[in-house]
Amino acid sequence: ENDSDDEDEGQEDEEIVNSSMSIASMILLDSELSQESRDLANTLNEKLEYIAEHGTPVLQSATHTLRIALDTICTTDTSEPSTSAVIYKQAIEKLSDPLVPVKAHGLNNLKTLVNKRDPIIDPTKVSSIVLRLMKDDDSFVYLNCVKVLESLARVYGSEILDRIFVAYTSKTELDQRLRYGEAIEKCLRIMGELFWRDKAQYLCLQLIRIAGDSKLDFRWRMSSLSILGVACESNLSGLSGIVWPITDCALSILTFDNTNKQESIILRRAALVLIASIFRSMESFGDFPQDKVRSTISTLRYLSETEFDSVAKDQATTILDIIKD
2 ENDSDDEDEG
12 QEDEEIVNSS
22 MSIASMILLD
32 SELSQESRDL
42 ANTLNEKLEY
52 IAEHGTPVLQ
62 SATHTLRIAL
72 DTICTTDTSE
82 PSTSAVIYKQ
92 AIEKLSDPLV
102 PVKAHGLNNL
112 KTLVNKRDPI
122 IDPTKVSSIV
132 LRLMKDDDSF
142 VYLNCVKVLE
152 SLARVYGSEI
162 LDRIFVAYTS
172 KTELDQRLRY
182 GEAIEKCLRI
192 MGELFWRDKA
202 QYLCLQLIRI
212 AGDSKLDFRW
222 RMSSLSILGV
232 ACESNLSGLS
242 GIVWPITDCA
252 LSILTFDNTN
262 KQESIILRRA
272 ALVLIASIFR
282 SMESFGDFPQ
292 DKVRSTISTL
302 RYLSETEFDS
312 VAKDQATTIL
322 DIIKD
């Protein structure tokens, strides 16, 4: 009976908090607030961050709406607003609308401002808003979020990639991490040769760690292999010094993830796609340590003869042909 009472109290508390946040959102979006009131409202951010990570799905949704409202008032200037400021404020407001087309229109307006390099855009704030919105179950909203991130990456480069990568490696739900992974791939293709040197090497080392950890979900590992492949295709020369560790990661998966379980087969296929991306992107194999090339050829040849998955077997044969040519 006590357990039942506790559950009732917990549900009642949740309803109170949810209602309070809904009321706060309406007040923030519908009122002209003084600077003092805005500063006071901003003190909510730390508490909302905690609820966003640890609250129930209902409270997380309410938190998302309230944070958008806070972002809106933070960007509202008390002086006469410019056209860009009006468009930006309206775009942010639309992101909390329950109707998908309205949200999409808000995202499109944000993308337009980003592409124009409008000074109203704060890349840190906008990327945070969009990353939170990517939790929306609607695929149309998700795709429009990715388009905004692509535009941000085109204009602001690795700063945006860093923020998506932090989300990708966070303790969020796997499906959400995979979405962030897809966004990273899109941004890498946009950035191209801008993805290089220390920043690129750091991110790739983290991806190698994920891909090579057999204790992690195979879908996350496969996602990391896919991102590494796109990184190599986008700017292999910018990954100097880390190309072999990337290749070695893929070869290790081919060697040790060798069961006939479906997840193991999928990982081997992903590892082979990565190796193919590396060798296709090389201008000359002479830049690659020859003992490493021989090691790769040996593994691929063995796989082409013994692999029981026909797709992976064909992949190995194709890569051998690439190396020979």
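As numbered in the numbering used here, residues 2 to 326 make up the sequence shown, in order. For every residue, glycine included, the Cβ atom is placed at its ideal position computed from N, Cα and C. Remember, it's a predicted structure, so these values are computed and weren't measured experimentally.
Close-in-space but distant-in-sequence residues of the same chain around residue i (CB under 7 Å, 5 per side omitted)
i    : result
I211 : L217, W221, R222 and S225
G230 : V274, L275 and S278
E81  : Note that E81 scores a pLDDT of 48, beneath 50, so its modelled location is shaky and nothing firm can be said.
V312 : R270
I69  : I93, L96, S97 and I130
V142 : V101, K104, A105 and L134
L175 : D218, R220 and W221
Same chain, Cβ closer than 6 Å to residue i, five either side skipped, listed in chain order
i    : result
I88  : N110
R155 : I191
R180 : M135
L132 : A168
K200 : S159
V149 : L108, L111, K112 and V131
K325 : none
T260 : none
Cβ shell of residue i (< 8 Å), same chain only, five flanking positions each side left out
i    : result
E15  : T57, V59 and L60
T1   : Limits of the chain in this structure are 2 at one end and 326 at the other, which puts residue 1 out of reach.
S171 : R178
I320 : L273, I276, A277, F280 and L301
L268 : F219, R222, M223, L226, I254 and D258
S152 : K112, V115 and N116
P290 : W245
R118 : V156
I323 : A277, F280 and R281
D214 : R222
S140 : none
Anticipated Cβ contact below 8 Å, residue i with residue j, distance rounded
i    : j    : result
S85  : L108 : Incorrect: roughly 16 Å between the Cβ atoms, too far for contact.
V147 : A184 : 5 Å
C233 : S282 : 5 Å
Q202 : L240 : 7 Å
I122 : E186 : The pair is not a contact, with the Cβ atoms about 23 Å apart (cut-off 8 Å).
L252 : V244 : Going by Cβ atoms, the distance from L252 to V244 rounds to 13 Å, so no, they are not a contact pair.
A298 : C250 : Here residue 298 is Ile; the residue named in the question, Ala, does not match the sequence. That belief does not hold up - the Cβ atoms of I298 and C250 are roughly 17 Å apart, past 8 Å.
K293 : T248 : 7 Å
Where the alpha helix (DSSP H) containing residue i begins and where it ends
i    : result
W197 : Unbroken run through W197: none, as it is neither H nor E.
P102 : V101 to N116
S265 : Q263 to S282
P124 : P124 to L134
P246 : V244 to F257
G230 : F219 to N236
F141 : S140 to Y157
S85  : T84 to K95
L321 : S311 to K325
L304 : Q291 to T307
Exposure of residue i, with buried meaning 16 or more beta-carbon neighbours within 10 Å
i    : result
I17  : exposed
Y303 : exposed
T79  : The pLDDT assigned to T79 is 48, lower than 50, so where the model puts this residue is not dependable; a value taken from the coordinates is nonetheless given after this. T79 should be labelled exposed.
L189 : buried
Q316 : buried
S235 : buried
F166 : buried
F196 : buried
E284 : exposed
L262 : First, the amino acid is wrong: residue 262 is Lys here, not Leu. With fewer than 16 other Cβ atoms within 10 Å, it is exposed.
E194 : exposed
Contact with chain B by residue i, beta-carbon distance below 8 Å
i    : result
S253 : Looking for chain B here will not work: only one protein chain is present.
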